[in-house]
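Enquirer: Got a structure for you, written out below as structure tokens; questions coming shortly.
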Amino acid sequence: MIRTPRTGRPPALRPVQHHVTHQPLPSDSPLLQPVTAGALRAANRVWLAPLTRNRADADGTPNDLSVEYYRQRAGAGVVITEGSQPSAVGQGYPNTAGVVTDANEAGWTRVADAVHAEGGTLVVQLMHAGRISHTGTIDGATPVSSTATPAQGEIFTTEGPQAHSAPRALATDELPGVAAEFADAARRAIRAGVDGVELHAANGYLLHQFLADGVNDRTDAYGGPAENRARFVVEVAKATADAVGADRVGIRLSPANPYNDITEDDVSVYETLVAQLADLGLAYVHLLAEADDPIVGKLRAVWPGVLVLNTGFAVDSDRDAVGRIVADGVADAVTVGRPFIANPDLVTRWTRGSELNEPDPSTFYGGGAEGYTDYPRLAG
Ligand SMILES: Cc1cc2nc3c(=O)[nH]c(=O)nc-3n(C[C@H](O)[C@H](O)[C@H](O)COP(=O)(O)O)c2cc1C
């Protein structure tokens, strides 16, 4: 998730311009073709982007509203959930979902059952926030990171925006334990009936804090050259793959993306990383980048598997634009965020060429059913 330093809220979101598309999609449209990513079967190429909505119970358990929200969006090729903490200290914001306790697991079972009953496929995004957190959100604990330097700016808390808490740099011998937390959370998710997990290594959270040369100031085997900065993410991916099978593990990356106080000049780390992920045989790589960013082709060259693209906040995820991405083979599938918030039946609307509801940014983060489960669906 993206937070501005000043307010802890998302950057000024450009209004999403959803050109009304009157032409129905032909049934042979590339967007509507099924695709298999490892063990994940997607009925189409329009996947739900991971979206933090801050409406889980205070203990991180997905609740009735979460079940309804994901059920409504099960028509996505794959439903990727909100970023969900794999450990208590990995929580970044109030009311995010977790995959930590038995209660959390039971909540995910209800979500998985609902999505499966609609014929959908469910992947839980595992998001360890690292230093993008506040002690008040994690019961007085100190956030952990690749560094002891706090992120600039503020983060949303139950007390309103506050400065990010100073993290402590994880000791080298603690890293296997953090990798094991990801693996345990993945085991829980799969036991709950979820189809797969996505490792959130993007947008400035813990795994990105290791990759980014402007944040990672370590002097051990996990800092310095690209090979070292990639090491922790590879180890997390390996531990998670060993726990649940590589074919149920995807990963999200956002090269050079400055969200959450990331500075990153040396993006060669992504080629180093993705080549090793290819050896592990993960289910998919989910890239946040504009379609014409040279990094997309570079990573395509070292990644033989399914590539999923999200074009980020600056580019509208409009039907015809994302359709071209898939038709041109830039990526095998796309994820769509804000249009899916406002249009639970987005795939049906895009297929028919129907008009779209506009998302309301004031209800993105926190609250109840309003702006979450009450966007109208097409009749019939
Ligand atoms: C409300 C909101 C919450 C988000 N939460 C997450 C998240 O938990 N994990 C993540 O990887 N990206 C998150 N993102 C980024 C989206 O996945 C996506 O990259 C972004 O919305 C741009 O795609 P769009 O133009 O289709 O909305 C969030 C975006 C929004 C608007």
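Using the numbering used here, read the sequence shown as starting at 1 and increasing by one per residue.
We treat Cβ as the ideally placed atom computed from N, Cα and C, and that holds for glycine.
Bridge partners of Q85, per DSSP?
Expert: G98
Enquirer: Examine ligand 1 and report whether any of its heavy atoms sits within less than 8 Å of the Cβ of I295.
Expert: Not one heavy atom of ligand 1 falls within 8 Å of the beta-carbon of I295.
Enquirer: Identify every residue that forms a DSSP beta bridge with E154.
Expert: A163
Enquirer: Mapping DSSP to helix, strand and coil, what is V111?
Expert: helix
Enquirer: Jot down the residue ranges of each uninterrupted alpha helix (DSSP H) in the segment 216 to 259, minimum 4 residues, whole runs only, in chain order.
Expert: 226 to 244
Enquirer: Just grab the DSSP bridge partners of V79 for me.
Expert: L48, L122
Enquirer: Could you say which of L378, N260, Q125, V123 lies nearest to E154 if we only look at CA atoms?
Expert: N260
Enquirer: Put A379 into one of helix, strand or coil per three-state DSSP.
Expert: coil
Enquirer: Run the CB neighbour count on G140, radius 10 Å, all protein chains shown included, and call it buried at 16 or more, exposed below.
Expert: exposed
Enquirer: Return yes when at least one heavy atom of ligand 1 lies under 8 Å from the C-beta of L32, else no.
Expert: no
Enquirer: Measure the beta-carbon distance from N310 to T335 and round it to whole angstroms, keeping in mind my assumption that it falls under 8 Å.
Expert: 4 Å
Enquirer: Below 8 Å, how does it come out for the segment 329 to 349 and the segment 40 to 48: are there three or more Cβ pairs, yes or no?
Expert: yes
Enquirer: What separation, rounded to the nearest whole angstrom, lies between the Cα atoms of V269 and D374?
Expert: Their Cα atoms are separated by approximately 42 Å.
Enquirer: Helix, strand or coil: how does DSSP classify T335 here?
Expert: strand
Enquirer: First and last residue of the beta strand (DSSP E) that includes A42?
Expert: 40 to 42
Enquirer: Does the distance between the C-beta of R252 and the nearest non-hydrogen atom of ligand 1 fall short of 8 Å?
Expert: yes
Enquirer: Taking the C-alpha atoms as reference points, what is the distance between G305 and R248?
Expert: Straight-line Cα distance between these residues: approximately 13 Å.
Enquirer: Flag this pair as yes or no: are the beta carbons of W350 and L25 separated by less than 9 Å?
Expert: yes
Enquirer: Is the separation between the beta-carbon of A186 and that of P62 shorter than 9 Å?
Expert: no
Enquirer: Determine the DSSP secondary structure at T4, reduced to helix, strand or coil.
Expert: For T4, the pLDDT reaches just 37, beneath the cut-off of 50, and the residue's location in the model is therefore unreliable, leaving the point undetermined.
Enquirer: Where does the unbroken alpha helix (DSSP H) through G177 begin, and where does it stop?
Expert: 175 to 191
Enquirer: Tell me the residue span of the beta strand (DSSP E) that contains Y284.
Expert: Per DSSP, Y284 belongs to the beta strand (DSSP E) from 284 to 288.
Enquirer: Excluding five sequence neighbours on each side, which residues of the same chain lie with their C-beta closer than 7 Å to the C-beta of A201?
Expert: L207, H208, L211, V233, I251, R252, L253
Enquirer: What is the DSSP secondary structure of V383, counted as helix, strand or coil?
Expert: Absent from the structure is residue 383, since the part of the chain shown begins at 1 and ends at 380.
Enquirer: For I341, is the beta carbon positioned less than 8 Å from some heavy atom of ligand 1?
Expert: yes
Enquirer: Quick one: using the 10 Å Cβ neighbour count with 16 as the cut-off for buried, is H286 buried or exposed?
Expert: By the neighbour-count criterion, in which a residue is buried when 16 or more other Cβ atoms sit within 10 angstroms of its Cβ, H286 is buried.
Enquirer: Flag this pair as touching only if the segment 118 to 134 and the segment 219 to 234 have three or more C-beta atom pairs under 8 Å; answer yes or no.
Expert: no
Enquirer: Would R71 be called buried (16 or more neighbouring beta carbons within 10 Å of its own) or exposed?
Expert: buried
Enquirer: Give me the Cα-Cα distance between Y372 and G224, rounded to the nearest whole angstrom.
Expert: 43 Å
Enquirer: For M1, which residues in the same chain have their Cβ closer than 7 Å to its Cβ, ignoring the five residues on either side in sequence?
Expert: Annotation note: pLDDT 41 at M1 (below 50); position unreliable, coordinate value reported separately. Apart from the 5 residues on each side of it in sequence, M1 sits with its Cβ closer than 7 Å to the Cβ of T52, G83, N203 in its chain, given in chain order.
Enquirer: Label L378 either buried or exposed according to how many other C-beta atoms from any shown protein chain fall within 10 Å of its C-beta, with 16 as the threshold for buried.
Expert: exposed
Enquirer: According to DSSP, which residues form a beta bridge with L309?
Expert: According to DSSP, residue pairing for L309 in a beta bridge involves L287, V334.
Enquirer: If distances are taken between C-alpha atoms only, which option among R131, P255, D102, A103 comes closest to L273?
Expert: P255
Enquirer: By Cβ distance, which residues of its chain are closer than 6 Å to G107, with the 5 residues on each side in sequence left out?
Expert: Contacts found: T61, P62.
Enquirer: Considering only the alpha carbon of each residue, which of V322, V267, V197, Y93 lies closest to R131?
Expert: Y93
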